[in-house]
Amino acid sequence: MTDLRPPWMEEPTVAGKVSKAAALSVVCVLVLLPFAGVLSTSLSSQKALAEAGSYVLIPRDPTWAAYREIWAGGAVTRALLISAGVTIVGSVLATTVTALLAYGLSRRGSFGHRAILSAVLLTFLFHPGIIPQYLTVKSLGLLDSYAALILPTALSAFNVIIMRGFFMGLPTELYDSARIDGAGEFRIFGQIVVPLSKAVIAVVGLFYAVGFWNAWFNALLYLNDSHKWPLQLLLRTYVLQGQSLGDSSAAASGEAPPPEQAVQAAVVIVALVPILLVYPFLQRHFTKGVLTGAVKG
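Using the working numbering, the letters of the sequence shown map in sequence onto residues 1388 to 1684.
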C-alpha cells in the first residue's frame, strides 16, 4: 500500500521555503513600517519634523516631550483612565454574562432553552438599528453615563454561540458524575466547566476587551459631556478633526510646547500599546478556544 499524502502535507522544497520566508518578510515590513513611522514621529523634535515634512521614519535627537505632554494630567490622561475602566468593567461583566447564558443554552432541556436560543440566533438576522438603541438607552436614563458605554454591548450573540459550542464539547460524564455527588448547576459551572474552559473564556474576554477599548461610536452617541469621553473618541476628535486638547502643560511652565504632529502620533501609540501587550498572553488560547467552539457550535 503506497503512502500517498496530499500536496500541502509534503515537505516544502528549498525554493518554497525561500519564497515563504521572502513573502512573510515583505508582509512583516508592510505591517511594521507604519507603526515604526508613527512611533518615530512621536519621538521627533520640531526641527526634525520640519526638515522631514511632518513625517519621520528614523528620529534624530529623540525626545519624550510629546509623551510628557499627554501624561501631564490633561485630557488624554483622563480619557485613558476612562477607557481602561470601561474596558476592565465591561469585559468582566460581558464575559460573565456570556458564559452564564452559553452554559444555560448548552444544557438541553433547561428552562426556555429553545425560545432563548432562537432569540439569540434571531439577532444575527435582525439588528435593531441606531434609533431604537438610542431610545432604549434614553428611556433607561443611561444618557451621559459610563453605563451607556458598557450595557448596550455587554452581550454578543456571536460570542455566546462560540462559548456554547465549547461547553457542549465537554464530556457529559463530568456533569453526570457531579450530579451523582450532589453538585448543583452553579457548582458544576464554577468548579468543573469554568476551569476546563479557560481557553474559550480567555478568547471571548479578549474579543470583548478589544471591542470596549476601540469603541468610540457609543460615546459619540450617548455622551454629551466631553470630560467623560474615552480615549478613542478623543483620538478621533483630536487627530482626525484637528481639535485642540486644551492648554499645553509645557506652555504653562514656560517651555516650548512639543510639535502638534508628535503629540498626535503619541496619542495613537498610547491607544495602541495596551491591546498589543494583551495579545501575546492570550495568543496560545486562540486555536483551542475559537476553533473548538466554532466547529461544535
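Each residue gets a CB set at the ideal place from its N, CA and C atoms; glycine is no exception.
Excluding the 5 residues flanking residue i on each side, which residues of the same chain have their C-beta closer than 6 angstroms to its C-beta?
i: Met-1388; result: The pLDDT assigned to Met-1388 is 49, lower than 50, so where the model puts this residue is not dependable; a value taken from the coordinates is nonetheless given after this. Closer than 6 angstroms at the Cβ level, and outside the excluded window around Met-1388, lies no residue.
i: Ala-1658; result: Leu-1618, Leu-1622
i: Leu-1561; result: Ile-1579
If you follow the alpha helix (DSSP H) that residue i is part of, which residue opens it and which one closes it?
i: His-1500; result: 1500-1512
i: Arg-1623; result: Premise fails: Arg-1623 is in no alpha helix (DSSP H) and is neither H nor E.
i: Tyr-1490; result: 1462-1493
i: Arg-1447; result: Careful: Arg-1447 lies outside any alpha helix (DSSP H) and carries neither H nor E.
i: Ser-1584; result: That residue, Ser-1584, is in no alpha helix (DSSP H); it is neither H nor E in DSSP.
i: Pro-1519; result: 1517-1526
Who are the Cβ neighbours of residue i in its own chain at under 7 angstroms, not counting the five residues just before and after it?
i: Leu-1504; result: Leu-1492
i: Pro-1539; result: Gln-1520, Val-1524, Asn-1605
i: Ser-1406; result: none
i: Val-1473; result: Tyr-1533, Leu-1536, Ile-1537, Phe-1599, Pro-1617
i: Leu-1530; result: Val-1524, Tyr-1609
Just how far apart, CA to CA, sit residue i and residue j?
i: Thr-1460; j: Ser-1584; result: Sequence check: residue 1460 is Gly here, not Thr. Each residue's Cα considered, the two are about 40 angstroms apart.
i: Arg-1551; j: Ala-1535; result: 27 angstroms
i: Leu-1468; j: Thr-1624; result: 17 angstroms
i: Pro-1515; j: Ile-1548; result: 19 angstroms
i: Gln-1433; j: Met-1396; result: 55 angstroms
i: Pro-1421; j: Phe-1576; result: 45 angstroms
i: Gly-1569; j: Leu-1607; result: 50 angstroms
i: Arg-1566; j: Leu-1512; result: 37 angstroms
i: Leu-1487; j: Ala-1435; result: 55 angstroms
i: Gly-1528; j: Phe-1668; result: 38 angstroms
i: Gly-1349; j: Gly-1477; result: What is shown of the chain runs 1388 to 1684, which leaves residue 1349 out entirely.
i: Thr-1485; j: Gly-1499; result: 16 angstroms
For residue i, which of helix, strand or coil comes out of DSSP?
i: Asn-1611; result: coil
i: Asp-1563; result: helix
i: Glu-1398; result: coil
i: Trp-1600; result: helix
i: Ala-1459; result: coil
Please identify the residue among the options whose C-alpha is closest to the C-alpha of residue i.
i: Ala-1589; options: His-1614, Gly-1577, Met-1555, Tyr-1666; result: Tyr-1666
i: Val-1479; options: Val-1425, Ala-1502, Asp-1568, Leu-1593; result: Leu-1593
i: Ser-1470; options: Ile-1662, Leu-1669, Phe-1668; result: Ile-1662
i: Ile-1475; options: Trp-1603, His-1614, Val-1660, Tyr-1595; result: Tyr-1595
i: Tyr-1454; options: Glu-1398, Ala-1408, Leu-1664, Thr-1428; result: Thr-1428
i: Leu-1553; options: Ala-1489, Leu-1669, Ser-1564, Asn-1601; result: The question names Leu, but residue 1553 is Phe in the sequence shown. Of the listed residues, the one whose Cα sits closest to Phe-1553 is Ala-1489.
Go through its chain and collect everything with a Cβ distance to residue i's Cβ below 8 angstroms, but skip five positions before and after it.
i: Leu-1522; result: none
i: Trp-1451; result: Leu-1430
i: Trp-1458; result: Thr-1464
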